[in-house]
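Here the structure is laid out as structure tokens; the discussion comes afterwards.
There are 2 protein chains.
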Amino acid sequence: MLWAVIMAGGSGTRFWPESRQKKPKQLLNIFGRKTLLEQTFLRLKGGVPKERVLVVCQDKHAAQVRRLLKIDSRQIIGEPVGRNTAPCAVLAAATLLKKDPHAVLAFLPADHLIENQARFRKVLKTAGDLAERTGQPVTFGVRPAFPHTGFGYLEMGRCLHKGRQGLAVYHLKRFREKPGLRQARAFVKSRRFLWNSGMFVWRADQVIRTARRYHPGIYQLAQKITSGPAVRTMKTYFPKMKNISIDYAFMEPLKGKILTIPVDFGWNDLGGWQVLPEIWSADNHGNVCLGSSMLHASRGNIVSGRKRLIALVGVNDLVVVDTEDAVLVCDRRQTERIREAVQALSLRKKWHKYL
Amino acid sequence: MLWAVIMAGGSGTRFWPESRQKKPKQLLNIFGRKTLLEQTFLRLKGGVPKERVLVVCQDKHAAQVRRLLKIDSRQIIGEPVGRNTAPCAVLAAATLLKKDPHAVLAFLPADHLIENQARFRKVLKTAGDLAERTGQPVTFGVRPAFPHTGFGYLEMGRCLHKGRQGLAVYHLKRFREKPGLRQARAFVKSRRFLWNSGMFVWRADQVIRTARRYHPGIYQLAQKITSGPAVRTMKTYFPKMKNISIDYAFMEPLKGKILTIPVDFGWNDLGGWQVLPEIWSADNHGNVCLGSSMLHASRGNIVSGRKRLIALVGVNDLVVVDTEDAVLVCDRRQTERIREAVQALSLRKKWHKYL
Numbered sequence: 000m001l002w003a004v005i006m007a008g009g010s011g012t013r014f015w016p017e018s019r020q021k022k023p024k025q026l027l028n029i030f031g032r033k034t035l036l037e038q039t040f041l042r043l044k045g046g047v048p049k050e051r052v053l054v055v056c057q058d059k060h061a062a063q064v065r066r067l068l069k070i071d072s073r074q075i076i077g078e079p080v081g082r083n084t085a086p087c088a089v090l091a092a093a094t095l096l097k098k099d100p101h102a103v104l105a106f107l108p109a110d111h112l113i114e115n116q117a118r119f120r121k122v123l124k125t126a127g128d129l130a131e132r133t134g135q136p137v138t139f140g141v142r143p144a145f146p147h148t149g150f151g152y153l154e155m156g157r158c159l160h161k162g163r164q165g166l167a168v169y170h171l172k173r174f175r176e177k178p179g180l181r182q183a184r185a186f187v188k189s190r191r192f193l194w195n196s197g198m199f200v201w202r203a204d205q206v207i208r209t210a211r212r213y214h215p216g217i218y219q220l221a222q223k224i225t226s227g228p229a230v231r232t233m234k235t236y237f238p239k240m241k242n243i244s245i246d247y248a249f250m251e252p253l254k255g256k257i258l259t260i261p262v263d264f265g266w267n268d269l270g271g272w273q274v275l276p277e278i279w280s281a282d283n284h285g286n287v288c289l290g291s292s293m294l295h296a297s298r299g300n301i302v303s304g305r306k307r308l309i310a311l312v313g314v315n316d317l318v319v320v321d322t323e324d325a326v327l328v329c330d331r332r333q334t335e336r337i338r339e340a341v342q343a344l345s346l347r348k349k350w351h352k353y354l
Numbered sequence: 000m001l002w003a004v005i006m007a008g009g010s011g012t013r014f015w016p017e018s019r020q021k022k023p024k025q026l027l028n029i030f031g032r033k034t035l036l037e038q039t040f041l042r043l044k045g046g047v048p049k050e051r052v053l054v055v056c057q058d059k060h061a062a063q064v065r066r067l068l069k070i071d072s073r074q075i076i077g078e079p080v081g082r083n084t085a086p087c088a089v090l091a092a093a094t095l096l097k098k099d100p101h102a103v104l105a106f107l108p109a110d111h112l113i114e115n116q117a118r119f120r121k122v123l124k125t126a127g128d129l130a131e132r133t134g135q136p137v138t139f140g141v142r143p144a145f146p147h148t149g150f151g152y153l154e155m156g157r158c159l160h161k162g163r164q165g166l167a168v169y170h171l172k173r174f175r176e177k178p179g180l181r182q183a184r185a186f187v188k189s190r191r192f193l194w195n196s197g198m199f200v201w202r203a204d205q206v207i208r209t210a211r212r213y214h215p216g217i218y219q220l221a222q223k224i225t226s227g228p229a230v231r232t233m234k235t236y237f238p239k240m241k242n243i244s245i246d247y248a249f250m251e252p253l254k255g256k257i258l259t260i261p262v263d264f265g266w267n268d269l270g271g272w273q274v275l276p277e278i279w280s281a282d283n284h285g286n287v288c289l290g291s292s293m294l295h296a297s298r299g300n301i302v303s304g305r306k307r308l309i310a311l312v313g314v315n316d317l318v319v320v321d322t323e324d325a326v327l328v329c330d331r332r333q334t335e336r337i338r339e340a341v342q343a344l345s346l347r348k349k350w351h352k353y354l
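These protein sequences, in sequence, are chains A and B.
Numbered according to numbering that gives the first Met the number 0, the first sequence terminates at residue 354, and the numbering increases by one at each position without gaps.
Numbered according to numbering that gives the first Met the number 0, the second sequence terminates at residue 354, and the numbering increases by one at each position without gaps.
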């Protein structure tokens with residue numbers, strides 16, 4: 000049966016000052032009336048029933064996650080520390096395998112935006128069936144809209160199957176690291192590359208099998224955790240897990256045996272403030288504004304506010320974000336430096352309240 | 000006797016969003032622990048006694064002015080509408096002439112900054128004596144530090160007197176309008192031009208006499224106001240006054256009969272956010288910051304905040320001002336546009352609360 004594993008452990012400093020340690024990106028509701036986590040959960044409706052959803056999140060967010068999604072506490076795995084996605088995937092697989100030896104898991108980041116929900120469920124079903132039948136991981140690749148240098152790419156190999164409704168299945172030839180701009184351009188031009196969306200579907204028994212073979216440490220710790228009293232063993236063993244991503248830990252060693260489906264459901268990873276113009280329309284001067292703002296002789300700005308008025312006068316290409324206790328003004332082309340700024344905040348105690 | 004007339008009627012939109020209709024520039028205390036009005040009042044101490052100070056302000060600020068300065072309500076002239084400086088000067092002269100037929104008046108804007116208070120009082124005394132003896136208006140000119148295009152200039156004529164302590168008196172050859180950059184550069188180079196500080200000392204009887212001759216309308220209305228019951232006549236006659244500055248109304252027609260003293264007491268007219276680097280020192284990257292701020296990879300910015308943290312990331316040459324209900328982000332070289340922005344705010348009712 001198809002299960003969903005929502006990966007909600009991220010900290011999301013790229014949306015600072017809206018995102019904070021207590022309220023990471025997946026818990027923000029600035030991208031719609033509901034939080035990204037809720038949106039991720041709700042778009043499964045009609046595809047995966049509520050009871051077959053597992054959420055992996057930071058320990059400290061567990062109560063909030065349960066309140067938001069109204070799910071059983073046994074459907075939440077709270078991580079005491081961050082250990083990237085591989086330990087999280089193995090733990091989820093080990094947990095669900097006990098309930099359903101034929102479990103097929105859809106691993107879904109909790110902080111992405113998807114426009115066409117029906118299409119998403121259609122792809123999910125196809126991928127679920129495929130993964131169940133083949134035992135191979137099925138990754139979701141997004142046709143690149145432009146040469147993005149912030150994503151990993153999936154290089155498509157042989158076409159395995161061209162289905163109805165435009166859904167095709169390819170062998171995955173290679174994972175490609177985040178490319179430079181020149182290489183990204185070549186990727187886009189060749190039409191053989193897809194953005195790695197980070198979503199994939201895989202049978203639980205295969206996750207475990209792969210873990211045992213390539214990362215026995217993670218496998219053994221996951222076994223210990225799932226066979227002991229939940230909370231205590233988690234605190235004891237989870238921190239010993241290797242900090243490694245699914246891509247590095249399992250996908251790399253398996254290359255040649257991975258499938259990929261090019262998807263077209265209007266995906267956005269919300270990689271930072273700079274993506275807002277991709278999801279909201281700009282005014283005549285290229286400004287995208289959320290909240291109360293007054294722009295005078297200003298172009299190409301991204302503004303996110305709340306109650307306070309944000310007035311821009313004679314400025315271009317800025318990100319301006321106003322929150323209750325902090326204001327950010329950043330060059331729109333340098334949003335990756337917000338991470339550095341948050342790092343700088345962590346160095347001074349008096350600024351810790353803004354983290 | 001020397002009296003001081005503090006002209007505190009301005010609205011000061013250039014410091015928006017700190018300055019508002021209810022709290023114009025002269026009532027701001029971001030330039031020191033006390034408001035500019037209080038600073039103007041306090042620096043007279045030792046030069047003009049408290050009882051010989053008259054404040055002209057907007058009607059709606061009268062109560063606040065009285066509370067701040069702890070002066071008698073008869074020492075305040077509240078204007079029901081703004082009519083620039085000429086009506087204000089004539090009214091002050093007419094009022095004080097009734098108390099002291101030999102009154103000499105020092106007209107002082109309430110919203111300037113002066114560094115060397117002792118020097119200021121020294122100049123004031125010299126100018127007072129000179130004005131009393133000659134009956135001529137004595138203007139204060141500031142040696143230009145750079146070719147400012149936002150000031151009027153005083154062109155010095157013949158030197159009348161070179162006193163001790165570097166105080167000299169010149170005939171004023173001409174008033175010069177705000178020059179273009181090229182002309183301003185020539186002004187500075189020639190060393191014969193001074194910035195018009197807007198401060199001047201003049202005998203009350205001469206103010207009245209000049210008004211009667213060149214602007215009989217203003218003279219007559221001022222006579223009516225000072226001979227009737229204060230508040231009611233003010234409301235009736237003051238709005239009929241011509242809206243005109245002292246420079247245009249009286250100084251222009253008197254040219255050739257005006258004196259000027261080059262002053263050196265560290266004057267700043269606080270013409271807008273862009274002057275902050277002139278009065279506060281910048282950090283190693285040319286940023287001037289007031290309040291709580293965190294600057295990362297940012298240069299040449301002017302930041303004014305309060306409680307909230309202001310974070311700048313990868314931005315240069317901006318003015319960023321954070322207040323309780325509004326945030327301003329403006330190009331440092333375009334601060335004169337703040338006035339346009341405030342104008343734009345006045346066009347929409349939902350924004351009136353920010354005026």
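All C-beta atoms in this analysis are idealised placements derived from N, C-alpha and C, irrespective of residue type, glycine included.
Following the DSSP letters along the chain, one finds residue 319 of chain B inside the beta strand (DSSP E) bounded by residues 317 to 321. Between the alpha carbons of residue 246 of chain B and residue 49 of chain B lies a gap of roughly 27 angstroms. For residue 281 of chain A, not one C-beta of chain B is nearer than 8 angstroms to its own C-beta. Look at residue 278 of chain B here: in three-state DSSP terms it is helix. About 6 angstroms separates the beta carbon of residue 109 of chain A from that of residue 35 of chain A, a gap short enough to meet the 8 angstroms contact definition. With fewer than 16 other CB atoms across the displayed protein chains lying within 10 angstroms of its CB, residue 283 of chain B is exposed. Residue 174 of chain B and residue 250 of chain B do touch by the CB rule: their CB atoms are close to 6 angstroms apart, below 8 angstroms. Listed along chain A, no residue sits closer than 7 angstroms to residue 298 of chain B by beta-carbon distance, the nearest being about 12 angstroms off. Residue-level contact by beta carbon fails for residue 17 of chain A and chain B, as no gap is shorter than 8 angstroms.
For residue 336 of chain A, the nearest CB of chain B lies under 8 angstroms from its own CB, placing it at the interface with that chain. Using beta-carbon distances, residue 13 of chain B does not count as an interface residue toward chain A, since no partner is under 8 angstroms. The beta-carbon distance between residue 148 of chain B and residue 193 of chain B, rounded to whole angstroms, is 15 angstroms. This is too long to meet the 8 angstroms contact definition. If one requires a minimum length of 4 residues, the alpha helix (DSSP H) runs lying completely within the stretch 101 to 153 of chain B are 116 to 133, in chain order. For residue 226 of chain B, the secondary structure class from DSSP, reduced to helix, strand or coil, is helix. If you check the CB distance, residue 196 of chain B and residue 29 of chain B do not come in under 8 angstroms.
Going by beta carbons, residue 79 of chain A and residue 234 of chain A fall inside the 8 angstroms limit.
Rounded to whole angstroms, the gap between the alpha carbons of residue 203 of chain A and residue 7 of chain A is 19 angstroms. Membership of residue 50 of chain B in any beta strand (DSSP E) is not indicated, and neither H nor E is assigned to it by DSSP.
With fewer than 16 other Cβ atoms inside 10 Å of its own Cβ, residue 242 of chain A counts as exposed.
Residue 24 of chain B counts as buried, since at least 16 other C-beta atoms from the protein chains shown sit within 10 angstroms of its C-beta. Close CB contacts of residue 341 of chain B within its chain, under the 6 angstroms cut and outside five residues either way in sequence, are with 12 and 15 (chain order).
Not flagged as an interface residue toward chain A: residue 198 of chain B, since no C-beta distance is shorter than 8 angstroms. Per DSSP, the continuous alpha helix (DSSP H) segment holding residue 91 of chain B begins and ends at 84 to 98. Around residue 209 of chain B, the same chain offers 249 as residues with beta carbons nearer than 6 angstroms, after the five sequence neighbours per side are excluded.
Taking CB atoms only, residue 313 of chain B has a neighbour in chain A less than 8 angstroms away.
Residues are counted here when their Cβ sits less than 9 angstroms from a Cβ of chain B; for the stretch 262 to 287 of chain A the count is zero. The Cβ atoms of residue 113 of chain B and residue 119 of chain B lie closer than 8 angstroms to each other. Contact of residue 20 of chain B with chain A is not assigned, every C-beta pair being separated by 8 angstroms or more.
In the structure shown, residue 266 of chain A adopts extended strand secondary structure according to DSSP, grouped into three states. Residues of chain B whose Cβ lies closer than 7 angstroms to the Cβ of residue 353 of chain A are, in chain order, 308. Think of a sphere of 9 angstroms around the beta carbon of residue 289 of chain B: no beta carbon from chain A falls inside it, the nearest being about 14 angstroms out. Taking CB atoms only, residue 317 of chain A has a neighbour in chain B less than 8 angstroms away. Out of A:59, A:51 and A:64, the CA that lies nearest to the CA of residue 33 of chain A is found in A:64. Between the C-alpha atoms of residue 104 of chain B and residue 224 of chain B there is a straight-line separation of about 19 angstroms.
The alpha-carbon of residue 92 of chain A is positioned some 31 angstroms away from that of residue 31 of chain A. Contact between residue 252 of chain A and residue 199 of chain A does not hold, since the beta-carbon distance rounds to 15 angstroms and is not under 8 angstroms.
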